[in-house]
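The structure appears below as structure tokens.
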Amino acid sequence: MTSWEYATVPLIDHATKQILDQWGEDGWELVQVVTGPTGGLVAYMKRPKA
1078 MTSWEYATVP LIDHATKQIL DQWGEDGWEL VQVVTGPTGG LVAYMKRPKA
């Protein structure tokens, strides 16, 4: 069974693609994007534990 680690990442409107691309290159998979408590976007990411 795969064990996962998770991260929450604030997304900046003008750099969303670059932020997600960088996390993806580091092995993270996007799970969901939601509106954060202050109104900005937050990405939930996961990757298998090493």
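Using the working numbering, the letters of the sequence shown correspond one by one to residues 1078 to 1127.
For glycine and all other residues, C-beta sits at the position ideal for the given N, C-alpha and C.
Hey, out of the options, whose CA is closest to residue i's CA?
i	options	result
Gly-1116	Met-1078, Lys-1123 and Pro-1087	Pro-1087
Leu-1118	Thr-1079, Glu-1082, Trp-1081 and Thr-1093	Thr-1093
Asp-1090	Ala-1127, Lys-1123, Gly-1113 and Val-1108	Gly-1113
Can you tell me where the alpha helix (DSSP H) holding residue i begins and where it ends?
i	result
Lys-1126	Taken as a continuous stretch (DSSP letters only), Lys-1126 belongs to no alpha helix (DSSP H), as it is neither H nor E.
Since residue i is in the beta strand (DSSP E), which residue starts that stretch and which ends it?
i	result
Thr-1093	Element bounds for Thr-1093: not the beta strand (DSSP E) but the alpha helix (DSSP H), 1093–1102.
Trp-1105	That residue, Trp-1105, is in no beta strand (DSSP E); it is neither H nor E in DSSP.
Who does residue i pair with in a DSSP beta bridge?
i	result
Pro-1087	Val-1119
Is it right to say residue i is buried, meaning 16 or more other beta carbons lie within 10 angstroms of its own, or is it exposed?
i	result
Ala-1084	exposed
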